[in-house]
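Residues in the sequence shown are numbered from 20 upward in steps of one, following the working numbering.
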Amino acid sequence: MKKIGLFLLLVLINVSLFSQSRIVDSLNAALNKEKTDTGRIILLYNLSNVYQDSQPDSALLLGREAYELAKKIKFLKGESWGLSQMAIAFNNMGNFPKALEYYIEQLKIEEERDRLDNIASIYLNIALVYTDTKDYEKALLYSLRADSIIRVNNIEDLSLYSLLNVGDIYQKANVLDSALGYTKRCYAKAIKAGNDLIIGTALNNLGNIYFKTGDLPQAFNNYKAGLPFLQTAHDINTYTEGLLGLAKVFERNQQHDSAILYGKQSYAIASQNQFMIRALDAGLFLSQVYKKLNIDSAYKYQEILVGLKDSIYSREKIREVQNLTSAEQLRQLEIVRLKKAEKKDRSVKLQLLMIGIAIPIFFLMSVLISRKKVNKKMIEFSGIISILLLFEYITLLLHPFVAEKSNHSPLIEIVVFVAIAAIITPSHHKIEHWLIAKLTQLNYLKYYKPEPEPEMPLPS
């Protein structure tokens, strides 16, 4: 039965990989057709999410593209999505400082949006980064911050993850009473919610806690109970941890055959799915068991361990290369972005310069028109356009300055421009009337001045 279960699990993994490939193709096709910026941001986010586990460097670049596009259209939610994907990618590549940097940037946006659920979620993610770096004090700090927000605001969607996270960090920090309390609460809530992934993970974590306290029967029961839920949820990583947990319980009870059986299952599934750390743990366990039993297989597993360590070392090197490559790709994207911004800035300045040159030319044309024999309404129209251009040009020049000083606040901007309009409008009308009058007078004097009456002869 155990072999059949293992076979079915491997089949599910292959089906999952095939399904992932189809999702990627579908999202890419949709992205090529999508015309709206918001739609493209959503698709880039989803595509980045799919790539996170298999190709974090690609996930990073897609997240960056989503972020830049969202920033361009001032779509704060999209900016947050992009930053989240970049942070997750850096965390998956082992670049924890960069992951924290992007999570903190995302946190600023969510604080601006006043989204407490998202703030709590980011705290949980930051806690996971600190957990990966084994800084359990800071991990607990951020986990408990998240837990406080979740409890006070009844954010049920995050409650399970918060309880699970806090319990796991306490377990890793060997604060086992607190670990047990949080994990039991998580398990009870997960049962009510019917969440297989959280149920399985909570049971596995309870197994780890009881194993550390020396309560082997409870550890065994929880490890064993968690496996079907983890298998259903396709959480291969935690599944292999549970198998190794059972193997360790059997070993403590001197049941070496069962210990070796479960240890081998853990090693096989972890190796098959490239979870090298889990494979290393299982290989190390098997090597130690075989040594105790004076079996030649101990030497075989020693060789396997050397190979695994080399593989993990190689993976670390690959991750370093991925980080360097991603940093260079991001640098190139930043160069492209700056070039586009400079090109746009040059274009704006050139347009302003052309308008600035056009205004005096238009004034000159208005004066020239006034010296021709034309309809009075054309002179009036020319004068009005000249003045409108001048005053709109002044507003256009003032806008960037006002926007910068008001920190792009629409309320402050509208108050400032209303005040400017209140000053400019009377002047606008006065200058407009004066100019039209002058131009009309010039035209009239040249073409419509009446002939002077002949002088009367003086009486002789």
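We put the beta carbon where it would ideally sit given N, CA and C, even for glycine. Quick caveat, the model's predicted, so the values are computed rather than measured.
Quick one, which of 99, 113 and 136 has its alpha-carbon nearest residue 123's?
In the sequence shown, residue 123 corresponds to position 104, counting from 1. For residue 123, the nearest C-alpha among the options comes from 99.
For residue 176, is the classification buried or exposed, using 16 other Cβ atoms within 10 angstroms of its Cβ as the cut-off for buried?
By 1-based counting over the sequence shown, the position of residue 176 is 157. Per the 10 Å Cβ criterion, exposed.
Whole-angstrom Cβ separation of residue 125 and residue 102, contact assumed at under 8 Å?
One-based indexing of the sequence shown puts residue 125 at position 106. One-based indexing of the sequence shown puts residue 102 at position 83. Between residue 102 and residue 125 the Cβ distance is about 4 Å, and since that is below 8 Å, they are a contact.
When 88, 47, 109 and 92 are compared against residue 74, the one with the closest alpha-carbon
For the purposes of this step, residue 74 is identified with residue 55 of the sequence shown, where counting begins at 1. If we check each option's Cα against that of residue 74, 109 comes out closest.
Secondary structure, alpha helix (DSSP H): runs of 4+ residues fully inside the stretch 240 to 323
You should have 255 to 271, 275 to 291 and 295 to 311.
Taking just the CA atoms, how far does residue 413 sit from residue 146?
Within the sequence shown, the letter at position 127 stands for residue 146. Within the sequence shown, the letter at position 394 stands for residue 413. Straight-line measurement puts the Cα of residue 413 at about 52 Å from the Cα of residue 146.
Classify residue 430 as buried or exposed, calling it buried when 16 or more other Cβ atoms lie within 10 Å of its own Cβ.
One-based indexing of the sequence shown puts residue 430 at position 411. The residue is exposed, with fewer than 16 neighbouring Cβ atoms inside 10 Å.
Starting from the C-beta of residue 62, find all residues in its chain whose C-beta is less than 8 Å away, skip the five residues before and the five after it, and write them out in chain order.
Looking up residue 62 in the sequence shown gives position 43. The answer, listed in chain order, is 46, 49, 50 and 53.
Between residue 252 and residue 216, which are expected to be in contact by the criterion C-beta below 8 Å, what is the C-beta distance as a whole number of angstroms?
In the sequence shown, residue 252 corresponds to position 233, counting from 1. In the sequence shown, residue 216 corresponds to position 197, counting from 1. Yes, they are in contact, since the Cβ atoms of residue 252 and residue 216 sit about 4 Å apart, within 8 Å.
Burial state of residue 186, where buried means 16 or more other Cβ atoms lie within 10 Å
As a first step, residue 186 must be located in the sequence shown, where it is residue number 167. Looking at its Cβ environment, which holds 16 or more other Cβ atoms inside 10 Å, residue 186 is buried.
Measure the alpha-carbon distance for residue 281 versus residue 264 and round it to whole angstroms.
By one-based count along the sequence shown, residue 281 stands at place 262. By one-based count along the sequence shown, residue 264 stands at place 245. When rounded, the distance between both Cα atoms is 9 Å.
Residue burial classification, residue 273 (beta-carbon count within 10 angstroms, cutoff 16):
Locating residue 273 in the sequence shown gives position 254, counting from the first residue. Exposed.
Reduced DSSP secondary structure (H/G/I, E/B, other) of residue 136:
For the purposes of this step, residue 136 is identified with residue 117 of the sequence shown, where counting begins at 1. Collapsing the DSSP output to three states places residue 136 in a helix.
With respect to the alpha helix (DSSP H) encompassing residue 184, which residues constitute its N-terminal and C-terminal limits?
What you label residue 184 is simply residue 165 of the sequence shown in a count that begins at 1. Segment 175 to 191, the alpha helix (DSSP H) holding residue 184.
With DSSP collapsed to three states, give me the class of residue 362.
Against the sequence shown, residue 362 aligns to sequence position 343. Note: residue 362 maps to helix in three-state DSSP.
Give a yes or no on whether the C-beta atoms belonging to residue 139 and residue 150 are separated by under 8 Å.
Mapped onto the sequence shown, residue 139 falls at position 120. Mapped onto the sequence shown, residue 150 falls at position 131. It is not a contact, given that the beta carbons lie outside the stated cut-off.
Which whole-angstrom value is the C-beta distance of residue 218 and residue 201, which I expect to be below 8 Å?
Walking along the sequence shown from the start, residue 218 turns up at place 199. Walking along the sequence shown from the start, residue 201 turns up at place 182. Between residue 218 and residue 201 a beta carbon distance of about 15 Å is seen, past the 8 Å cut, so the two are scored as non-contacting.
Per DSSP, what kind of secondary structure is residue 413 in: helix, strand or coil?
As a working note, residue 413 is residue 394 in the sequence shown. If DSSP states are grouped into helix, strand and coil, residue 413 belongs with the helices.
Return the CA-CA distance between residue 128 and residue 86, expressed in angstroms with no decimal places.
In the sequence shown, counting from the first residue as 1, residue 128 sits at position 109. In the sequence shown, counting from the first residue as 1, residue 86 sits at position 67. Those two C-alpha atoms are separated by around 12 Å.
Can you give the beta carbon distance from residue 297 to residue 260, rounded, assuming they're within the 8 Å contact cut?
Residue mapping note: residue 297 aligns to position 278 of the sequence shown, counting from 1. Residue mapping note: residue 260 aligns to position 241 of the sequence shown, counting from 1. Confirmed, Cβ separation roughly 6 Å.
Beta-carbon separation (whole angstroms), residue 278 vs residue 287, contact threshold 8 Å
Here residue 278 refers to the residue found at position 259 of the sequence shown. Here residue 287 refers to the residue found at position 268 of the sequence shown. With a Cβ gap of about 15 Å, residue 278 and residue 287 do not count as contacting.
Do residue 184 and residue 143 have their C-beta atoms closer together than 8 Å?
The residue you call residue 184 lines up with position 165 of the sequence shown. The residue you call residue 143 lines up with position 124 of the sequence shown. Yes, these two residues count as a Cβ contact at 8 Å.
Closest to residue 59 by CA distance: which of 81, 196, 153 and 256 is it?
Within the sequence shown, residue 59 is the residue found at index 40, counting from 1. Ranking the options by Cα distance to residue 59, first place goes to 81.
Close Cβ partners of residue 257 (< 6 Å) along its chain, the five nearest in sequence each way excluded:
Walking along the sequence shown from the start, residue 257 turns up at place 238. Within the same chain, residue 257 has close Cβ partners 220, 223 and 249.
Excluding five sequence neighbours on each side, which residues of the same chain lie with their C-beta closer than 7 Å to the C-beta of residue 300?
Here residue 300 refers to the residue found at position 281 when the sequence shown is read from its first residue. Same-chain partners within the cutoff: 263.
For residue 111, does the three-state DSSP call read helix, strand or coil?
Translated into positions along the sequence shown, residue 111 becomes position 92. Of the three classes helix, strand and coil, the one that applies to residue 111 here is helix, per DSSP.
Measuring alpha carbon to alpha carbon, tell me which of 93, 79 and 97 ends up nearest residue 107.
Counting from 1 along the sequence shown, the entry for residue 107 is found at position 88. Restricting attention to 93, 79 and 97, the CA atom closest to the CA of residue 107 is found in 79.
Between residue 275 and the rest of its own chain, which residues show a CB-CB distance below 7 Å, the 5 nearest in sequence each way excluded?
Start at 1 with the first residue of the sequence shown, and residue 275 comes out as number 256. Excluding sequence neighbours, residue 275 sits near 308 and 312.
Would you mind stating whether residue 227 and residue 190 have Cβ atoms separated by less than 8 Å?
Counting from one through the sequence shown, the residue named residue 227 turns up at place 208. Counting from one through the sequence shown, the residue named residue 190 turns up at place 171. Against a cut-off of 8 Å, the Cβ pair of residue 190 and residue 227 comes out as a contact.
Using 10 angstroms around the beta-carbon of residue 417, count the other beta-carbons present and answer buried if the total reaches 16, otherwise exposed.
For this step, residue 417 is matched to residue 398 along the sequence shown. Classified as exposed, residue 417 has fewer than 16 neighbouring CB atoms from the shown chains inside 10 Å of its CB.
Roughly how many angstroms lie between the CA atoms of residue 362 and residue 65, to the nearest whole one?
Position 343 of the sequence shown, counted from the start, is the residue given in the question as residue 362. Position 46 of the sequence shown, counted from the start, is the residue given in the question as residue 65. Residue 362 and residue 65: Cα-Cα distance of roughly 31 Å.
Note down the Cα distance separating residue 340 from residue 131, rounded to an integer number of angstroms.
Counting from one through the sequence shown, the residue named residue 340 turns up at place 321. Counting from one through the sequence shown, the residue named residue 131 turns up at place 112. With a pLDDT of 48 at residue 340, under the threshold of 50, the predicted position of this residue should be treated as unreliable, and no value is reported.
Does the beta-carbon of residue 210 have 16 or more other beta-carbons within 10 angstroms, so that it is buried, or is it exposed?
The residue you call residue 210 lines up with position 191 of the sequence shown. Exposed is the call here.
Pairwise C-alpha distance: residue 96 and residue 9
The structure shown does not extend to residue 9, since the chain is modelled only from 20 to 479, so the question has no answer here.
Quick one: is residue 92 buried, meaning 16 or more other Cβ sit within 10 Å of its Cβ, or exposed?
Position 73 of the sequence shown, counting from 1, holds the residue named residue 92. With a threshold of 16 other beta carbon atoms within 10 Å, residue 92 falls short and is exposed.
If I measure Cβ to Cβ from residue 195 and keep anything under 8 Å in the same chain, skipping five residues before and after, which residues do I get?
On the sequence shown, position 176 is the one that residue 195 refers to. If we look at residue 195 and ignore the five residues flanking it on each side, its Cβ neighbours are 189, 228, 231 and 232.
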